[in-house]
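Quick note on numbering: the sequence shown equals residues -17 to -1, 1 to 337 in mature numbering (1 follows the signal peptide of the UniProt record, and there is no 0). Quick reminder that beta carbons are idealized off the backbone N, C-alpha and C, glycines included.
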Amino acid sequence: MRTALVLLLALAGPAGAETASINEPQEPRPVVSVIVRPEASLPVSYVGTVSARIETDLGFPLAGIIAERPVSAGDVVATGQVLARLDPEELDAGLRAAEAGVAVATAQLRSARDATDRARELAARGVGSETRVEDAERALVAAEAGLEQAEATFARARDLFDFATLTAPQSGVVTGVFAEPGAALAAGQPVLRLAGTGEREVLIDLSEQDVANIDIGIRFGVQLVANPAITTSAVLTRIDPVAERTTRTRRLHLTLESPPESFRLGALARVSPSAGPDAAVVLPRAAILVTDGSQAVWRVDRADHSVQRIPVTLGIDIADFVVVTGGLAAGDEVIVKGIHSLKDGQIVGPRVAE
């Protein structure tokens, strides 16, 4: 009997302890949160390459043999500077022949005018026939047409002679050379590539997911990778409509605004999307609670450690971050993890930095 009583007390002991543990008040759980601070840009960046906004392959509009090419890859050229010349021998001969044709046509027109004047004078005296006058006038019309044709041929020959000299349409840098002196070219075959230095841009490649949240006109802050102290700004002006075949990324063209000379072609630049014209609130996208088409966040009131659901207005979102344009103020504490397990007015524990 005594043995049975001892066994019963031993079994009852742990059960009573478990009941006491359940009745003890639970400590409020800590929360992962951030303190809102206005940001000038989103905390996400990409690395791209400085490139010329306008890059052109230049060639001759006629066939020929390259006589000289005074520039090479890497040379800086000015507007109107000679880049290459074709062998002018054949073109010069054609120009001289066309010039001689104009001289012959001019002499023929002068003779036709004199003959017409004589025929009209004789007809007026009554010693010439009207038929002779008509023949002279027809010859005069033919001579005038012949001169116009000769002048058009001369103008074309002169244009071809001018086309034999390739000049720079704008200031820039020669970034590629495709033909050497002595090479025979077809009409339109490129000789070199010229990158204009007037307007420069930064090229970055982003995934389809990132591009889906970016619109034309978004501004970026830009800094040189080699020297982060050198900065400027850029605006997104174009997104390539077709994805790159192998990487499935799309190329974005960010036009630089008054960039320093240090932003040379080929330099690496780091770009960060601007949060707006002024500093704005930037939060991780995971902090946004979306229900029934409305957006809200959980704000912690440290006066009583309770959470409140605050409606917010959102701006642009890129990567894992979003700009909050309304609803929050600097210094607010916002919960960024576990947002779906909270209730309005719930008491939470101390803040844990993310």
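query, result
"For Val335, three-class secondary structure by DSSP", "strand"
"Helix, strand or coil at Arg292 [DSSP, three-state]", "strand"
"Which of helix, strand or coil DSSP assigns to Ser324", "helix"
"CB-CB length for Pro267 against Val319, believed under 8 angstroms", "5 angstroms"
"Three-state class that DSSP yields for Thr274 in the structure shown", "strand"
"Local conformation of Arg12 per DSSP, three classes", "coil"
"Sequence-distant residues of the same chain with beta carbon closer than 7 angstroms to Glu120, five excluded per side", "Thr99"
"Distance, Pro256 Cα to Arg334 Cα", "29 angstroms"
"N-terminal and C-terminal residue of the beta strand (DSSP E) that Phe146 is part of", "Unbroken run through Phe146 is the alpha helix (DSSP H), 113 to 146; no beta strand (DSSP E)."
"Exposure label - Gly332; buried when at least 16 CB within 10 Å", "exposed"
"Buried versus exposed, by CB contacts within 10 Å (16 or more), Ser24", "buried"
"At least three beta-carbon pairs within less than 8 angstroms, the region 65 to 73 to the region 41 to 48", "yes"
"Every unbroken beta strand (DSSP E) within the region 37 to 95, with a cutoff of 3 residues, ordered by chain", "38 to 42, 47 to 51, 65 to 69"
"Candidates Gly109, Ile271, Ser94, Gly309, of which the one nearest Ser16 by Cα", "Ile271"
"Val306 - containing beta strand (DSSP E), residue span", "304 to 309"
"Residue of Pro211, Ser241, Asp275, Arg228 minimising C-alpha distance to Leu251", "Pro211"
"Given 8 angstroms, three or more beta-carbon pairs between the region 134 to 146 and the region 84 to 94", "yes"
"Nearest candidate by alpha-carbon position, reference Ala269, set Ile293, Gly298, Val305, Glu240", "Val305"
"Outcome for Glu51 when other beta-carbon atoms lying within 10 angstroms are tallied against a minimum of 16", "exposed"
"Rounded separation between Pro242 and Ala263 - CA only", "25 angstroms"
"Closest by C-alpha distance to Glu22, when choosing among Ser112, Glu10, Gly181, Gly204", "Gly204"
"Same chain, Cβ closer than 7 angstroms to residue 342, neighbours up to 5 away in sequence not counted", "This structure gives no information on residue 342, because the portion of the chain shown stretches from -17 to 337."
"Delimiting residues of the beta strand (DSSP E) encompassing residue 420", "This structure gives no information on residue 420, because the portion of the chain shown stretches from -17 to 337."
"Integer-rounded CB distance, given that Glu316 should sit under 8 angstroms from Thr238", "That belief does not hold up - the Cβ atoms of Thr238 and Glu316 are roughly 39 angstroms apart, past 8 angstroms."
"Same chain only: Cβ atoms within 8 angstroms of Ala80, ignoring 5 sequence neighbours per side", "Ala140"
"Assigned secondary structure, Val19 (DSSP; H/G/I helix, E/B strand, else coil)", "coil"
"Beta-carbon proximity of residue 338 to Gly276, cut-off 7 angstroms", "Because the chain in this structure spans residues -17 to 337, residue 338 falls outside the shown range and cannot be described."
"Gln329 versus Ala313: straight-line alpha-carbon distance, rounded", "23 angstroms"
"Which residues DSSP lists as bridging Phe203, in chain order", "Ala217, Pro256"
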